[in-house]
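Going down the list, the protein sequences come from chains A and B.
For the first sequence, position 96 (counting from the first letter as 1) is numbered 890 according to the working numbering, and the numbering increases by one without interruption.
For the second sequence, position 219 (counting from the first letter as 1) is numbered 1013 according to the working numbering, and the numbering increases by one without interruption.
Cβ atoms here follow ideal geometry from the backbone N, Cα and C, with glycine treated the same way.
2 protein chains.
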Amino acid sequence: MASHGARGRSGGRPTLEEVAARAGVGRGTVSRVINGSPRVSDATRAAVEAAVAELGYVPNTAARALAANRTDAIALVVPEPETRFFAEPYFSDMLKGVGAELSDTEMQLLLIFAGSDRERRRLAQYLAAHRVDGVLLVSVHADDPLPDLLAQLEIPAVISGPRSAAETLPSVDSDNYGGARSAVEHLLARGCRHVAHITGRLDVYGAQRRVDGYRHALLDAGHEVDERLIEPGDFTEDGGRRAMTELLARRPDLDAVFAGSDVMAGGARQVLREEGRRIPDDVALVGYDDSAIARHMDPPLTSVRQPIEEMGRRMIDLLLTEIADRRPAVSRGLERRQMVLATELVERASS
Amino acid sequence: MASHGARGRSGGRPTLEEVAARAGVGRGTVSRVINGSPRVSDATRAAVEAAVAELGYVPNTAARALAANRTDAIALVVPEPETRFFAEPYFSDMLKGVGAELSDTEMQLLLIFAGSDRERRRLAQYLAAHRVDGVLLVSVHADDPLPDLLAQLEIPAVISGPRSAAETLPSVDSDNYGGARSAVEHLLARGCRHVAHITGRLDVYGAQRRVDGYRHALLDAGHEVDERLIEPGDFTEDGGRRAMTELLARRPDLDAVFAGSDVMAGGARQVLREEGRRIPDDVALVGYDDSAIARHMDPPLTSVRQPIEEMGRRMIDLLLTEIADRRPAVSRGLERRQMVLATELVERASS
DNA sequence: ATCACGAGTGGGAGCGCTCCCACGGTACCT
DNA sequence: AGGTACCGTGGGAGCGCTCCCACTCGTGAT
């Protein structure tokens, strides 16, 4: 490299200017063609496109980002260690939906883990540098400072699973309340009298909603709610085991369990088996998530399916809208910025 | 936004220039401090750092990329559908190592799937735009055109698992030959007489090397190699099952099986069980990868462990070196650019 | 005292693009 | 005929940074 100025010369990648010269037009016109502006005549457009093809022109992303003040990238932020990311099918399904919806866009998806403190600091730096046009936030706990940081930096964001009923961010969620209801109603319809519930972490809004659904399903069916039949878990297998043990000790006569996740249902199953309870004859079991665990459990687990891939797609829709809407200064309130998708009960042998 | 020129003004992110003004120095000096150049006096450096802190200055990546002609990003390209990525622990371990090694760098890691044709076209476009400084290639088949594309675009790349003995790209691999040897030697030491081998896909170089290791271990121990004891698989469970069936039909007297992957060992185990062969009493079984499958199999599977995380780290080392070396025009040949890491046999109850 | 040199510094030029203003031309009105 | 309205178009002026050259000092050798 002889001198700084000679860097891009001779043999380097072609620039907009070179395409313009080749097509016999000005820079502005080439830019318009590249960006699909309608204000270009067909003849000119064809000429430019030919020049682009001949030269093998590819726009320089950095230059575009600098001039237009956008990055054409969005981040999927996973506030969990990578281990959990790979362990839970939730993320892989989400990623699939997101990727699909993004594939006919120029947008680039970045996957960012923010499990450790160190990673979180890195992320903060990253966001401060405005290296993405928007952020997708999945699986956020109630007290996570990330959403506030995003708001402060004025970075468009969409959250999956609102943090509370008063969520201010645009969000996409599945119908946790309805999903839980359908699970309990199913158990009642099968003739179960004493339905227990192992909850998820109650600082997760969705877990609370499932408890609500459980309660209301019982009440609406004319049962009363026995608090001894509700035991908090933490979404882990071990938590499921502990909760199940507790429940059996308190109400040995229970004949059904609705677990707030498949993983916890797996833990519960182990305890039930150890205690000699047959599934579903003695105790019916229903999980939540319809994950691979559910299909492979013995017996196969009835579970509530969430349309996670679909949720991923919707999140992208919302986010892209959000990004586009940053031009007109005034945002139009929160209308249609929070959506809830239906769940589906998948019945298997465990109930 | 009143006018183009006013975009960044008043309230926007601070620029290098503003930091310079604040610190009472020139732009060049601030740039030097930001980039850790040693040619700055301590006093000046302190002043600049103070200004940076007060203003909350964060460099603009796009501007830097444009001016310096680098992106500070590298891509991990997975030429597989996302499904396989999540299913195989190989990738998650690799990602962990790569992430760890990158975490004290300014480099950003991009995860790019190139499973479908569509995704591959997208990737090609992406690379043509030089949006990354380097590429990590994992799990590449012998006839994949990607490495050539990379070479043509002059993008530094490192490959995990060389495509052949004549691999030209810098590469990191585990000792497939040695790993296979240790597995077979272990089986022979346990007194097995007729050791079969279910191979991986033979268009994968590593699988070939494992066959070589198997052969040489037998020969060196004074056994002869019976080709009827070698059956090609394809790394899938089903392939393992087919191969095992085939082997049992041909050599019912076999007393040990070395499978080229844990997944195939899993398939083989099913067949052995169906045929009433006890593991390890009738037939000893050894797998490859030491994945979760191995630990959870019944009986737990003896397996060859590859230091995948370590491989990920080494790949980053090589790649960063490769990127740095693009300044001096002349590359110093291939010395030390291909490395092979040792494997370890993890003994469990299956052998 | 003079010269040579390197350390430390300031700032011009340029990276490749987008945005916008200004301009010539054509079509349509009055 | 003159005016008004657009199209479609060219190109200047940045975007915020890095790179490099030139310049000013001190320091040590002569």
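Item to check | Rounded separation between E895 (chain A) and G928 (chain B) - CA only | outcome: Position 101 of the first sequence, counted from the start, is the residue given in the question as residue 895 (chain A). Position 134 of the second sequence, counted from the start, is the residue given in the question as residue 928 (chain B). If you take the alpha carbons of E895 (chain A) and G928 (chain B), they lie about 27 Å apart.
Next on the checklist: Comparing C-alpha positions only, which one of A:A1062, A:P1046, A:A1043 sits nearest to F1052 (chain A)?
Outcome noted: Counted from its first residue, the first sequence places residue 1052 (chain A) at position 258. Among A:A1062, A:P1046, A:A1043, the Cα nearest to that of F1052 (chain A) is on A:A1062.
Next on the checklist: Bridge partners for F1052 (chain B) per DSSP, in chain order?
Outcome noted: For the purposes of this step, residue 1052 (chain B) is taken as the residue at position 258 of the second sequence. DSSP, once it has assigned bridges, lists B:H991, B:V1080 as partnering F1052 (chain B).
Checklist entry - How is the beta strand (DSSP E) around P1026 (chain B) delimited, first residue to last? => result Sequence index remark: in the second sequence, residue 1026 (chain B) carries index 232 (1-based). Here the beta strand (DSSP E) through P1026 (chain B) covers 1024 to 1026.
Checklist entry - Which of the three DSSP states, helix, strand or coil, is assigned to D967 (chain A)? => result Translated into the one-based positions of the first sequence, residue 967 (chain A) becomes position 173. D967 (chain A): strand per DSSP, three-state reduction.
Item to check | Listed by chain order, chain B residues near L904 (chain A) by CB distance under 7 Å | outcome: Locating residue 904 (chain A) in the first sequence gives position 110, where the first residue counts as 1. L904, listed in chain order.
Checklist entry - V852 (chain B) CB to nearest chain A CB: under 8 Å? => result The count along the second sequence starts at 1 and reaches residue 852 (chain B) at position 58. Yes - at least one Cβ of chain A is within 8 Å of the one on V852 (chain B).
Checklist entry - Which chain B residues are close to F880 (chain A), counting only those with a beta carbon under 7 Å from its beta carbon? => result As a working note, residue 880 (chain A) is residue 86 in the first sequence. Near F880 (chain A) (Cβ distances below 7 Å), the residues of chain B are F880, S886.
Checklist entry - Closest by CA to A983 (chain A), which one among A:R1004, A:D898, A:L1012? => result Mapped onto the first sequence, residue 983 (chain A) falls at position 189. The shortest Cα separation from A983 (chain A) among A:R1004, A:D898, A:L1012 belongs to A:L1012.
Checklist entry - Can you tell me the Cα-Cα spacing of V998 (chain A) and H980 (chain A), whole angstroms? => result Numbered from 1 along the first sequence, position 204 holds the residue referred to as residue 998 (chain A). Numbered from 1 along the first sequence, position 186 holds the residue referred to as residue 980 (chain A). V998 (chain A) and H980 (chain A) have their C-alpha atoms spaced approximately 24 Å apart.
Item to check | Segment contact flag, the stretch 907 to 919 of chain A with the stretch 846 to 865 of chain A, C-beta cutoff 8 Å, min 3 pairs | outcome: No contact exists between the stretch 907 to 919 of chain A and the stretch 846 to 865 of chain A.
Checklist entry - Counting pairs of Cβ atoms below 8 Å between the stretch 1099 to 1106 of chain B and the stretch 1132 to 1143 of chain B, do you hit three or more? => result Yes, the stretch 1099 to 1106 of chain B is in contact with the stretch 1132 to 1143 of chain B.
Item to check | Whole runs of the alpha helix (DSSP H) within the stretch 852 to 933 of chain B, excluding any shorter than 4 residues | outcome: 855 to 862, 876 to 881, 883 to 896, 911 to 922
Item to check | Inter-residue Cα distance where the pair is G820 (chain B) and A814 (chain B) | outcome: For the purposes of this step, residue 820 (chain B) is identified with residue 26 of the second sequence, where counting begins at 1. For the purposes of this step, residue 814 (chain B) is identified with residue 20 of the second sequence, where counting begins at 1. Rounded to the nearest angstrom, the two C-alpha atoms are 5 Å apart.
Checklist entry - So A1086 (chain B) packs on S1145 (chain B), CB below 8 Å; how close in whole Å? => result The sequence position of residue 1086 (chain B) within the second sequence is 292, counting from 1. The sequence position of residue 1145 (chain B) within the second sequence is 351, counting from 1. A1086 (chain B) to S1145 (chain B), Cβ: 18 Å. No contact.
Item to check | Limits of the unbroken alpha helix (DSSP H) element including E843 (chain A) | outcome: The residue you call residue 843 (chain A) lines up with position 49 of the first sequence. That run of the alpha helix (DSSP H) goes 836 to 849.
Next on the checklist: Is the beta carbon of R1035 (chain B) closer than 8 Å to that of V1065 (chain B)?
Outcome noted: For the purposes of this step, residue 1065 (chain B) is taken as residue 271 along the second sequence, with counting starting at 1. For the purposes of this step, residue 1035 (chain B) is taken as residue 241 along the second sequence, with counting starting at 1. Yes, these two residues count as a Cβ contact at 8 Å.
Checklist entry - In this structure, does DSSP put S825 (chain B) in helix, strand or coil? => result Residue numbering aside, residue 825 (chain B) sits at position 31 when the second sequence is read from its first letter. Correct three-state label for S825 (chain B): helix.
Checklist entry - Which of the residues in the stretch 921 to 941 of chain A, read from start to end, lie with their CB under 8 Å from any CB of chain B? => result Against chain B - using a Cβ distance shorter than 8 Å - the residues of the stretch 921 to 941 of chain A are A922, A923, H924, R925.
Next on the checklist: Please identify the residue among A:S933, A:H991, A:R1089 whose C-alpha is closest to the C-alpha of V871 (chain A).
Outcome noted: Against the first sequence, residue 871 (chain A) aligns to sequence position 77. Nearest option by C-alpha distance: A:S933.
Item to check | Host beta strand (DSSP E) of E1116 (chain A) (start-end) | outcome: Within the first sequence, numbered from 1, the residue matching residue 1116 (chain A) stands at position 322. Careful: E1116 (chain A) lies outside any beta strand (DSSP E), inside the alpha helix (DSSP H) at 1102 to 1118.
Item to check | Host alpha helix (DSSP H) of L1041 (chain A) (start-end) | outcome: Reading the first sequence from its first residue, position 247 is the one you call residue 1041 (chain A). 1031 to 1044 is the extent of the alpha helix (DSSP H) around L1041 (chain A).
Checklist entry - Near V1140 (chain B), what residues of its chain come up, given a Cβ to Cβ distance below 8 Å and the 5 sequence neighbours on each side ignored? => result Taking the first residue of the second sequence as 1, we reach residue 1140 (chain B) at position 346. So the list reads D1084, A1088, T1096, S1097, V1098, R1099, once near-sequence residues are dropped.
Checklist entry - Which residue comes first and which comes last in the alpha helix (DSSP H) that contains A1011 (chain B)? => result One-based indexing of the second sequence puts residue 1011 (chain B) at position 217. That run of the alpha helix (DSSP H) goes 999 to 1014.
Item to check | Nearest-angstrom Cα separation, counted from E882 (chain B) out to V926 (chain B) | outcome: As a first step, residue 926 (chain B) must be located in the second sequence, where it is residue number 132. As a first step, residue 882 (chain B) must be located in the second sequence, where it is residue number 88. Using only the alpha carbons, I get a separation of about 26 Å.
Next on the checklist: Please report the straight-line C-alpha distance between L940 (chain A) and P964 (chain B), rounded to a whole angstrom.
Outcome noted: On the first sequence, residue 940 (chain A) is found 146 positions in, with the first residue counted as 1. On the second sequence, residue 964 (chain B) is found 170 positions in, with the first residue counted as 1. Taking the straight line from one Cα to the other gives about 40 Å.
Item to check | Any chain A beta carbon closer than 8 Å to L889 (chain B) | outcome: The residue given as residue 889 (chain B) occupies position 95 in the second sequence. L889 (chain B) counts as touching chain A.
Next on the checklist: Measuring CB atoms only, is the stretch 1107 to 1120 of chain B touching the stretch 945 to 958 of chain B, in the sense that at least three cross pairs come out at less than 8 Å?
Outcome noted: yes
Checklist entry - Is the beta carbon of I1073 (chain A) less than 8 Å from the beta carbon of E1025 (chain A)? => result As a position in the first sequence, residue 1073 (chain A) is number 279, starting the count at 1. As a position in the first sequence, residue 1025 (chain A) is number 231, starting the count at 1. With a cutoff of 8 Å on beta-carbon distance, I1073 (chain A) and E1025 (chain A) are scored as not near each other.
Next on the checklist: Any beta carbon of chain A sitting closer than 8 Å to that of S897 (chain B)?
Outcome noted: Position 103 of the second sequence, counted from the start, is the residue given in the question as residue 897 (chain B). With 8 Å as the cut-off, S897 (chain B) counts as an interface residue toward chain A.
Item to check | Close-in-space but distant-in-sequence residues of the same chain around A1001 (chain A) (CB under 7 Å, 5 per side omitted) | outcome: Position 207 of the first sequence, counted from the first residue, corresponds to residue 1001 (chain A). Within the same chain, A1001 (chain A) has close Cβ partners T993, G994, R995, G1054.
Checklist entry - Does any heavy atom of the ligand SAH sit closer than 7 Å to the C-beta of L1013 (chain A)? => result This structure simply doesn't include the ligand SAH, nor any ligand for that matter.
Checklist entry - CA-CA distance, R1009 (chain B) and Y884 (chain B)? => result Along the second sequence, read from residue 1 onward, the residue named residue 1009 (chain B) stands at position 215. Along the second sequence, read from residue 1 onward, the residue named residue 884 (chain B) stands at position 90. If you take the alpha carbons of R1009 (chain B) and Y884 (chain B), they lie about 26 Å apart.
Next on the checklist: Please report the straight-line C-alpha distance between Y920 (chain B) and R878 (chain A), rounded to a whole angstrom.
Outcome noted: Along the second sequence, one-based indexing puts residue 920 (chain B) at 126. Along the first sequence, one-based indexing puts residue 878 (chain A) at 84. When rounded, the distance between both Cα atoms is 29 Å.
Checklist entry - Where A945 (chain B) and G973 (chain A) are concerned, what is the direct C-alpha to C-alpha distance, given to the nearest angstrom? => result As a first step, residue 945 (chain B) is located in the second sequence; it is residue number 151 there, counting from the start. As a first step, residue 973 (chain A) is located in the first sequence; it is residue number 179 there, counting from the start. C-alpha separation (whole angstroms): 52 Å.
Checklist entry - Using the C-alpha atoms, what's the distance from L1113 (chain B) back to M888 (chain B)? => result For this step, residue 888 (chain B) is matched to residue 94 along the second sequence. For this step, residue 1113 (chain B) is matched to residue 319 along the second sequence. For M888 (chain B) and L1113 (chain B), the distance between alpha carbons rounds to 15 Å.
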